[in-house]
Amino acid sequence: MSVAVSQSFARDARVIGIIGIAHGLSHFYQLALATLLIVVMPDFGMSYAQVGALGAVFYGVSGLMQTVAGFAVDRFGARPVLAFGLLATASAFVLIAGVASGFWSLVPIVALAGIGNCVFHPADFAILNASVNASRLGRAYSAHGLGGTLGWVPAAPVIYFLAQAVGWHVTALIAAAAGFLLALAVASQGSVMVDHRLARGDQRAAPRFEMASLLTAPILICMLYFAFIAITVVGIQQFAVPALREMFPIGLEAAAAALTALLLGSAVGVVFGGWIADRATRHDTVAAIGLFVAGALTALIATGAVPVWLVLPLMALSGFAGGLTGPSRDMIVRGATPPGASGKVFGFVYSGLDIGSMVGPPVFGWLMDHHLPHAIFWGAFVIYLLNVVTVLQIRRFSRAPAMA
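Structure (structure tokens):
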């Protein structure tokens, strides 16, 4: 390996590592905030409905502001916007510890956290697209997705443990400290994080990006694709445990283990998916096959006719198949992105995740309230099939690839 190649690899690894950690912390904050709200619920005299409403505020603000964040990324640069997002989210935890006293005081604080959450996808992908060698982008997207998935895993246990050990006020401050420190780390990486606005040389050479460009068929279909993904992922994550307990003669621990197997399977799938994405030429086909397999495995669970011992491996394999599609999915979006517009396009497209995160839980929750656990998995199966059709339409409507 030449010195130049070695230096390039080291730089790429540094960028990928920092962005992966930042994405992981954003997912940690998502679940940590939800858990902290449950912890403070008795002290603030709140109901579960109010906690759920605060969650809707968080994802609603994040979804509405994500496209705005994308424009900010393309105007001010991805690195300062990413640092701002970390500072905003960390500041929300400080405000919970210092000034929050009840539901209404939490509404603007949770909205601030939503503003912080909205920057990660447009900023992360703008940095990765401009800074990482194109031959490693699939694996970069894989590391990004893996960081997010792993960020969810410790959030709830850590918050519950710290709240019992040192109280929820100190717990909120400890969580905030991680964001402040990482914001400083991101701000200091100007030497390796390339400004995507200048990555092609004179930014005036790039065609002017009009708002109407976000409303083209490929971009809108990509956003719909992400909304479908979120409906399935969030719905299964929140309701798989009670649904499995109604469908099969298993206890809480076994049902929780099945959900954990799904998450870990997804993480492993993301790793393999990055390797495939760097070698594949038809990313839409990779995504369609993975989604179809995940849906078929989910349908087997939905029947309720499989042996109990098979539930956990089916959940793990379904997670693996779904995770496998992640890096190819991001390559598809990159291929539909005009020059110099990474922030805007990724911000707009990824707002679909927040839309799906708002739409899915009430529907799946209604199904559980009406004791229809099988419908949780049948619904996920239908969404998987709809997404197979959706992802195959992106290539059909896409123009010639224009990488950002």
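Read in order, the letters of the sequence shown are residues -6 to 397 in my numbering.
The beta-carbon is built from N, C-alpha and C at its ideal position, and this holds for glycine as well.
Straight-line Cα distance separating residue j from residue i
i: arginine 129; j: leucine 378; result: 30 Å
i: alanine 254; j: isoleucine 222; result: 18 Å
i: glycine 13; j: alanine 280; result: 22 Å
i: tyrosine 343; j: glutamine 59; result: 8 Å
i: tryptophan 302; j: histidine 276; result: 34 Å
i: leucine 99; j: methionine 34; result: 11 Å
i: isoleucine 120; j: alanine 180; result: 13 Å
i: serine 350; j: arginine 4; result: 35 Å
i: aspartate 323; j: aspartate 36; result: 42 Å
i: alanine 160; j: serine 94; result: The displayed chain sequence assigns glycine, not alanine, to residue 160. C-alpha separation (whole angstroms): 15 Å.
i: glycine 91; j: arginine 388; result: 50 Å
i: phenylalanine 86; j: glycine 107; result: 12 Å
i: valine 381; j: alanine 156; result: 43 Å
i: alanine 273; j: glutamine 386; result: 18 Å
i: leucine 79; j: isoleucine 229; result: 28 Å
i: histidine 367; j: leucine 177; result: 47 Å
i: threonine 278; j: aspartate 271; result: 14 Å
i: phenylalanine 341; j: proline 300; result: 43 Å
i: valine 185; j: proline 211; result: 31 Å
i: alanine 289; j: glycine 267; result: 23 Å
i: glycine 38; j: tryptophan 359; result: 25 Å
i: methionine 361; j: glycine 283; result: 27 Å
i: leucine 208; j: alanine 298; result: 44 Å
i: phenylalanine 51; j: valine 103; result: 6 Å
i: aspartate 347; j: alanine 158; result: 33 Å
i: threonine 164; j: isoleucine 269; result: 40 Å
i: phenylalanine 285; j: tryptophan 97; result: 44 Å
i: tyrosine 153; j: threonine 142; result: 19 Å
i: serine 40; j: serine 124; result: 46 Å
i: alanine 122; j: leucine 57; result: The residue you asked about is not alanine; residue 122 is asparagine in the sequence shown. Rounded to whole angstroms, asparagine 122 to leucine 57 spans 24 Å at the Cα level.
i: serine 321; j: arginine 68; result: 27 Å
i: glycine 138; j: alanine 15; result: 11 Å
i: glutamate 383; j: isoleucine 376; result: Going by the sequence as given, residue 383 is threonine instead of glutamate. Near 10 Å, if we compare the C-alpha coordinates of isoleucine 376 and threonine 383.
i: isoleucine 89; j: valine 151; result: 17 Å
i: leucine 105; j: isoleucine 294; result: 39 Å
i: glycine 48; j: serine 84; result: 17 Å
i: alanine 248; j: proline 355; result: 21 Å
Beta-carbon proximity check, residue i vs residue j, cutoff 8 Å
i: glycine 244; j: glycine 316; result: no
i: glycine 345; j: leucine 175; result: no
i: alanine 398; j: threonine 28; result: The structure shown has nothing for residue 398, since the chain only spans -6 to 397.
i: glycine 63; j: valine 326; result: no
i: aspartate 188; j: glycine 10; result: no
i: serine 311; j: threonine 291; result: yes
i: glycine 336; j: proline 115; result: yes
i: glycine 353; j: valine 227; result: yes
i: phenylalanine 357; j: phenylalanine 219; result: no
i: alanine 236; j: phenylalanine 374; result: no
i: glutamate 239; j: histidine 364; result: yes
i: cysteine 215; j: alanine 76; result: no
Extent of the continuous alpha helix (DSSP H) to which residue i belongs
i: aspartate 67; result: 41 to 69
i: isoleucine 167; result: 161 to 180
i: aspartate 323; result: 319 to 328
i: asparagine 398; result: The structure shown does not extend to residue 398, since the chain spans only -6 to 397, so no value can be given for it.
i: arginine 132; result: 130 to 145
i: valine 286; result: 276 to 296
i: valine 226; result: 210 to 240
i: phenylalanine 122; result: It should be noted that the sequence gives asparagine, not phenylalanine, for residue 122. Counting along the chain, the alpha helix (DSSP H) containing asparagine 122 begins and ends at 113 to 124.
i: alanine 254; result: 245 to 270
Whole-number beta carbon distance between residue j and residue i, since they are thought to touch under 8 Å
i: alanine 314; j: alanine 287; result: 4 Å
i: valine 234; j: leucine 252; result: 6 Å
i: serine 55; j: asparagine 110; result: 4 Å
i: serine 19; j: phenylalanine 113; result: 4 Å
i: glycine 183; j: glycine 17; result: About 22 Å; that fails the 8 Å criterion.
i: leucine 419; j: valine 146; result: Absent from the structure is residue 419, since the part of the chain shown begins at -6 and ends at 397.
i: alanine 65; j: valine 74; result: 5 Å
Should the stretch 42 to 60 be regarded as contacting the stretch 163 to 174, the criterion being three or more beta carbon pairs within less than 8 Å? Taking 8 Å as the limit for Cβ pairs, the verdict is that the stretch 163 to 174 does not touch the stretch 42 to 60.
Are the stretch 19 to 37 and the stretch 304 to 313 touching, with three or more C-beta to C-beta distances below 8 Å? With a cut-off of 8 Å on Cβ pairs, the stretch 19 to 37 is not in contact with the stretch 304 to 313, counting fewer than three such pairs.
Three Cβ pairs or more, each shorter than 8 Å: is that satisfied between the stretch 261 to 276 and the stretch 129 to 140? They touch, by the three-pair rule.
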